[in-house]
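Quick notes on the structure that follows.
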Amino acid sequence: MSEALLTVSGLGKRFGGFVALADVELEVAKGERLGLIGPNGSGKSTLVNCLCGTLRNDSGSVRFNGRMLDGMKAHERTRLGMARSFQLPRPFGTMTLAENLRIPLLYVVQLRGAVANIDRRCVELLDLVGLADKAHQLPTDLTQIEMRKLELARAMAAEPSLLIADESMAGLSHQEVDDILALLMRLNEQQGVTIIMIEHIMRAVMHFSQRLVVLVAGRKIADGNPADIVRQEDVVAAYLGS
Amino acid sequence: MRNPAFFLWLCVAAALTFGAAKLIDNPYVFFAGYVVLQYIVLSTGWNILGGYTGYVNFGTAAFFAMGAYTTVVLHKTMPGLPLPAMIVVGGAISGLIGLGTGYLTLRLRGTFFGIATLAMSVVVQTLITNWSFVGGSRGAYVVRPDTTDYFGIDYIEYLFLIMLALSVIAVGVARAIEKSRLGYGFATIRDDELAAEASGVPTLKLKLLATALSGGFMGMAGAPLPYYVTYLDPASGFSLSYAVNTIAMPLIGGTSSWLGPVIGAVLLGTLQQVATVTISSALSLLIVGLMLVGFVVLAPKGIIGWFAPKGPRK
Chain A
25 MSEALLTVSG
35 LGKRFGGFVA
45 LADVELEVAK
55 GERLGLIGPN
65 GSGKSTLVNC
75 LCGTLRNDSG
85 SVRFNGRMLD
95 GMKAHERTRL
105 GMARSFQLPR
115 PFGTMTLAEN
125 LRIPLLYVVQ
135 LRGAVANIDR
145 RCVELLDLVG
155 LADKAHQLPT
165 DLTQIEMRKL
175 ELARAMAAEP
185 SLLIADESMA
195 GLSHQEVDDI
205 LALLMRLNEQ
215 QGVTIIMIEH
225 IMRAVMHFSQ
235 RLVVLVAGRK
245 IADGNPADIV
255 RQEDVVAAYL
265 GS
Chain B
416 MRNPAFFLWL
426 CVAAALTFGA
436 AKLIDNPYVF
446 FAGYVVLQYI
456 VLSTGWNILG
466 GYTGYVNFGT
476 AAFFAMGAYT
486 TVVLHKTMPG
496 LPLPAMIVVG
506 GAISGLIGLG
516 TGYLTLRLRG
526 TFFGIATLAM
536 SVVVQTLITN
546 WSFVGGSRGA
556 YVVRPDTTDY
566 FGIDYIEYLF
576 LIMLALSVIA
586 VGVARAIEKS
596 RLGYGFATIR
606 DDELAAEASG
616 VPTLKLKLLA
626 TALSGGFMGM
636 AGAPLPYYVT
646 YLDPASGFSL
656 SYAVNTIAMP
666 LIGGTSSWLG
676 PVIGAVLLGT
686 LQQVATVTIS
696 SALSLLIVGL
706 MLVGFVVLAP
716 KGIIGWFAPK
726 GPRK
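As they're listed, the protein sequences go chains A and B. Numbered according to our numbering, the first sequence terminates at residue 266, and the numbering increases by one at each position without gaps. Numbered according to our numbering, the second sequence terminates at residue 729, and the numbering increases by one at each position without gaps.
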């Protein structure tokens with residue numbers, strides 16, 4: 025494994041008396057494909073929100089690409105190269121698909137250096153997820169899977185070094201899951217993007233992940249080789265009961 | 416069309432408007448036209464916050480009156496100051512108030528933000544009512560000269576020209592924002608702030624910019640008011656009808672583009688002026704109410720919504 029891109033140490037978050045995350049330690053290497061699983065309410069999305077700056081962690085720290093992110097706002101983290109897709113797609117509803125992708129191009133990529141042709145880049149990105157022919161339609165016209173593809177395309181438009189895909193496959197058919205999987209694999213292998221995938225569909229997680237992390241009730245209970253992890257007793261117990 | 420070219424067209428349109436008003440040869444045209452133009456500035460300013468970012472501001476009257484009362488103060492302390500300078504100061508003060516209001520209230524969403532701005536308007540009105548230097552509740556008289564030093568035109572024509580220039584600036588700025596990075600950023604705030612932040616948009620900074628710009632334009636619209644009415648008291652300066660009209664006009668015209676507030680202001684403003692002369696001035700709020708109801712039913716996206724490209728959209 026090469027050097028760490030993301031280092032999370034002692035991360036804690038509580039909502040009132042409810043402990044959502046407790047003392048989470050996590051390290052992700054550059055170029056790695058990490059799967060993050062856990063039963064509903066185990067704190068996966070809270071972890072993502074703390075990483076991306078949507079929520080503020082109560083304790084611990086997040087180091088990304090050699091920089092401490094604590095106290096940084098979400099948009100600053102996106103500009104540093106951390107992008108996410110939302111569990112429930114949140115497209116900009118009054119803008120066309122092309123305009124949706126324009127936002128990260130204007131507010132992230134262009135601030136790093138000029139983009140030669142923004143319009144063409146929008147079409148390229150839409151082409152990558154197979155939505156090029158709908159560039160000038162509104163998101164309301166899209167199907168569920170197209171919406172998720174748009175969500176991924178918008179995250180990719182920010183040219184991230186780390187992409188966090190929060191349940192981008194929930195509710196999709198077998199074939200659609202394969203489509204998204206292929207897309208994420210391509211991103212990782214061809215463009216070297218580090219990816220954290222949060223997912224319930226075990227077939228996808230097992231196929232995708234080089235390493236698996238399991239969260240249960242806000243604590244990390246397992247971290248390692250996927251094939252070994254899913255046989256681990258406490259992991260099975262967390263899902264099926266002991 | 417590029418922005419400089421568009422600006423040039425605006426200036427031509429403004430010159431034609433002035434020429435037409437001059438041709439009619441009735442000073443009342445300037446009095447009525449001034450009000451319509453004032454509403455173009457107000458609703459265009461309002462729309463920068465309310466239409467582009469989606470934060471509905473009910474406190475128009477406060478920003479408007481702050482501009483007006485800045486002029487009252489400047490008139491008493493520095494009577495020699497030319498009106499355009501007073502407008503700049505009034506705009507700056509209202510812009511700062513917008514910034515402050517934004518900083519305190521932008522964490523509130525939707526209705527709560529609207530209520531906060533309405534409350535702010537009441538607070539500012541109370542402060543002005545109790546400030547005797549600007550006349551308190553008795554109001555202040557501002558004596559305006561009959562003519563100006565500029566080409567000997569009447570003062571009301573001068574006020575009309577000033578408001579015309581402000582309209583050109585406000586509309587020019589609003590349109591320039593619309594298709595710029597800033598305009599896209601504003602639109603993401605209207606659509607989804609969480610997704611906007613995740614796409615790298617500094618939402619708080621943009622919202623503050625929008626409140627400051629919006630407040631600034633409203634203040635500039637109000638700054639010449641004391642010279643227009645010559646007597647200003649809090650009840651008329653902070654009149655609720657400013658807030659109601661300024662919200663109704665962009666809604667009727669359409670909030671998604673610079674053209675909407677202009678259409679709404681011209682249509683509603685003219686109708687109110689005509690009704691004032693022909694029927695009664697008390698009718699104007701009724702007209703607003705009826706038109707709002709009508710447009711909510713017939714054109715939920717405003718008049719420009721009728722002409723928006725349908726294309727592949729369903």
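Each residue gets a CB set at the ideal place from its N, CA and C atoms; glycine is no exception. What you are looking at is a predicted structure, and each value in this text was computed from that prediction instead of being measured.
Expected contact under 8 Å - CB spacing of residue i and residue j to nearest Å
i, j, result
"Cys-76(A)", "Arg-108(A)", "5 Å"
"Val-616(B)", "Thr-603(B)", "5 Å"
"Ile-219(A)", "Arg-87(A)", "In fact, because the Cβ distance is near 18 Å, the residues do not count as touching under 8 Å."
"Gly-630(B)", "Ser-547(B)", "The Cβ separation is near 26 Å, so there is no contact."
"Leu-50(A)", "Val-201(A)", "In fact, because the Cβ distance is near 25 Å, the residues do not count as touching under 8 Å."
"Met-664(B)", "Ala-680(B)", "5 Å"
"Leu-239(A)", "Gly-117(A)", "Rounded, the Cβ-Cβ distance is 32 Å, inconsistent with contact."
"Leu-35(A)", "Asn-64(A)", "Contact flag wrong, Cβ pair sits at about 20 Å."
"Ala-658(B)", "Phe-433(B)", "Contact flag wrong, Cβ pair sits at about 29 Å."
"Met-349(A)", "Ala-189(A)", "There is no way to answer for residue 349(A), as the model of chain A reaches only from 25 to 266."
"Ala-636(B)", "Phe-479(B)", "6 Å"
Residue i (DSSP reduced to helix, strand or coil)
i, result
"Val-240(A)", "strand"
"Thr-31(A)", "strand"
"Glu-51(A)", "strand"
"Phe-42(A)", "strand"
"Gly-62(A)", "coil"
"Ile-5(A)", "Here chain A covers residues 25 to 266 and nothing more, so residue 5(A) does not appear."
"Arg-559(B)", "coil"
"Met-106(A)", "strand"
"Leu-647(B)", "strand"
"Leu-162(A)", "coil"
"Asp-82(A)", "coil"
"Lys-437(B)", "helix"
"Phe-722(B)", "helix"
"Arg-91(A)", "strand"
"Met-25(A)", "Caution applies to Met-25(A), whose pLDDT of 47 falls short of 50 and renders its modelled position unreliable; the value that the coordinates give is listed next. Coil at Met-25(A), not helix or strand."
"Asp-247(A)", "strand"
"Gly-466(B)", "helix"
"Lys-594(B)", "coil"
"Arg-522(B)", "coil"
"Lys-68(A)", "helix"
"Arg-605(B)", "helix"
"Gly-474(B)", "coil"
"Gly-515(B)", "helix"
Residue-level contact to chain A via CB, residue i, 8 Å cutoff
i, result
"Ser-672(B)", "no"
"Arg-524(B)", "no"
"Ser-547(B)", "no"
"Pro-676(B)", "no"
"Arg-605(B)", "yes"
"Arg-728(B)", "For Arg-728(B), the predicted model reports a pLDDT of 38, less than 50, meaning its position is unreliable; a value from the coordinates is still stated below. With 8 Å as the cut-off, Arg-728(B) counts as an interface residue toward chain A."
"Glu-572(B)", "no"
"Ser-408(B)", "Absent from the structure is residue 408(B), since the part of chain B shown begins at 416 and ends at 729."
"Tyr-484(B)", "no"
"Ser-614(B)", "yes"
"Tyr-449(B)", "no"
"Tyr-518(B)", "no"
"Leu-431(B)", "no"
CB contact check: residue i to chain B, cutoff 8 Å
i, result
"Arg-117(A)", "Rather than Arg, the amino acid found at residue 117(A) in this sequence is Gly. Cβ-Cβ to chain B under 8 Å: yes for Gly-117(A)."
"Phe-39(A)", "no"
"Val-72(A)", "no"
"Pro-128(A)", "yes"
"Arg-144(A)", "no"
"Val-132(A)", "yes"
"Phe-110(A)", "yes"
"Ala-182(A)", "yes"
"Arg-57(A)", "no"
"Thr-31(A)", "no"
"Thr-78(A)", "yes"
"Leu-102(A)", "The sequence given here has Thr at residue 102(A), not Leu. It does; some Cβ of chain B falls within 8 Å."
One or two residues paired with residue i in a DSSP bridge
i, result
"Leu-186(A)", "Met-106(A), Thr-218(A)"
"Asp-569(B)", "Thr-562(B)"
Per-residue contacts from residue i into chain C (C-beta, under 7 Å)
i, result
"Pro-617(B)", "Here the protein chains are A and B, and chain C is not one of them."
Self-check item: the stretch 431-439 of chain B contacting the stretch 643-656 of chain B, beta-carbon criterion three pairs below 8 Å
Solution: no
*Specify whether the stretch 163-170 of chain A and the stretch 130-142 of chain A touch according to this definition: at least 3 beta carbon pairs, one from each stretch, less than 8 Å apart.*
no
Does the structure place the stretch 493-507 of chain B close enough to the stretch 545-560 of chain B that three or more beta carbon pairs sit under 8 Å? no
**Item:** Touching by the beta-carbon criterion (3+ pairs, under 8 Å), the stretch 481-497 of chain B and the stretch 656-672 of chain B
**Value:** no
Segment contact, 8 Å Cβ cut-off, at least three pairs: the stretch 536-552 of chain B with the stretch 467-484 of chain B
yes
Next item on the list: Specify whether the stretch 93-102 of chain A and the stretch 250-261 of chain A touch according to this definition: at least 3 beta carbon pairs, one from each stretch, less than 8 Å apart.
Entry: no
Would the stretch 455-473 of chain B and the stretch 697-716 of chain B be scored as touching if the rule is three or more Cβ pairs under 8 Å? no
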